[in-house]
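See below for the structure under consideration.
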Amino acid sequence: MDKQLKERGKLDPKVMLNNGTSMPQIVFGMYKIDSESCEQTVLEALKAGYRHFDTASFYGNEAALGRALNKSGIPRDELYITTKVWNDAQKQGPAAVRKSFEKSLAALDCGYLDLFLVHWPVPGHHVETYKEMEKLHRQGKVQSIGLSNYSEADYKELVDAGITVMPTVNQIEVSPAVYRADMIEFFTDKAIIISAYKALHRGASLDKTPIADIAKKHSVTSAQVMLRWGLQHGLAVVAKTSSPDRMRENRSILTFTLDDEDMALLDGMTTKEDIAVCSALEEKSKRSL
Numbered sequence: 292m293d294k295q296l297k298e299r300g301k302l303d304p305k306v307m308l309n310n311g312t313s314m315p316q317i318v319f320g321m322y323k324i325d326s327e328s329c330e331q332t333v334l335e336a337l338k339a340g341y342r343h344f345d346t347a348s349f350y351g352n353e354a355a356l357g358r359a360l361n362k363s364g365i366p367r368d369e370l371y372i373t374t375k376v377w378n379d380a381q382k383q384g385p386a387a388v389r390k391s392f393e394k395s396l397a398a399l400d401c402g403y404l405d406l407f408l409v410h411w412p413v414p415g416h417h418v419e420t421y422k423e424m425e426k427l428h429r430q431g432k433v434q435s436i437g438l439s440n441y442s443e444a445d446y447k448e449l450v451d452a453g454i455t456v457m458p459t460v461n462q463i464e465v466s467p468a469v470y471r472a473d474m475i476e477f478f479t480d481k482a483i484i485i486s487a488y489k490a491l492h493r494g495a496s497l498d499k500t501p502i503a504d505i506a507k508k509h510s511v512t513s514a515q516v517m518l519r520w521g522l523q524h525g526l527a528v529v530a531k532t533s534s535p536d537r538m539r540e541n542r543s544i545l546t547f548t549l550d551d552e553d554m555a556l557l558d559g560m561t562t563k564e565d566i567a568v569c570s571a572l573e574e575k576s577k578r579s580l
């Protein structure tokens, strides 16, 4: 890739993690990007300026992501790679967790992981999973470790079990349509960054008031408003698309600022019922793991 392309992404906003490392806030999500189209999609995302890629063993596209990143010519230290350990490995125990990690690392062919997450807190297994990840961290194979889909109770279970490496991130569903202010406050008070997946609410809220009105006010798109809202709350925001135009659009959120009134209107979209429904669905998922 040319010099101009290599410079893209360097000015991305970053959040400081509790272990002293930093993480790009604008994240390209890899969920449901099939392996056949993955390489080209990732190369387009790199052209648009993305440097932080969020995948998982469950997604089945780690190898394709790795090939695209290696083809790009972008130095490894300018990329940020997140992946996650899936539930089946957790149930099989620490040795399987390590094997899953090694398989992911080999598929990504990236030397080390920037961030390794527990994909779901599998009841009865997630604590020993996390403790195995602590060993990987101490061995220098992973820069940071963290959580995904953890509630406050799940986190407390980890702490009560005597973990020695604090999680740096908890990746949960957050958007203006599902603003989980209490949960965000709980984790940020413990210096754990929230990474917001479904940051665009899967497109279901793009035409809703006040999002559409605020977009018109700033001459931007509704998607840009939703992602900008996340940035201004100090979240990492995960969004995915296979469209190069949308990739560029979703990254063009640094040239405007939402004012206090905008933020208050967006914060006020979520009802208690919205939070209850989201939490109930997550707990149902955990019980079925």
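The sequence shown begins at 292 in this note's numbering and counts up by one. Built from N, CA and C at the ideal position, the CB exists for glycine as well. Only a predicted model underlies this, so the values are computations on that prediction, with no experimental measurement involved.
- Fewer than three beta-carbon pairs drawn from the segment 348–368 and the segment 515–524 are found closer than 8 Å, and the two stretches are therefore not classed as touching.
- Under the three-state reduction of DSSP, P315 is assigned to strand.
- In the three-state reduction of the DSSP assignment, G364 falls in the coil class.
- A straight-line Cα-Cα distance of about 47 Å links A555 and A386.
- The beta carbon of A495 is closer than 8 Å to those of A468 in its chain, skipping five residues each way along the sequence.
- M321 sits away from L406, with the two beta carbons spaced by 9 Å or more.
- Boundaries of the beta strand (DSSP E) around E464: V460 to E464.
- In this structure the segment 356–367 touches the segment 325–342; the number of beta carbon pairs closer than 8 Å is three or more.
- When the beta-carbon positions are compared, S363 and A380 stay at least 9 Å from each other.
- Among the bridge pairs identified by DSSP, M307 is matched with S313.
- Secondary structure at Y350: helix, using DSSP grouped into helix, strand and coil.
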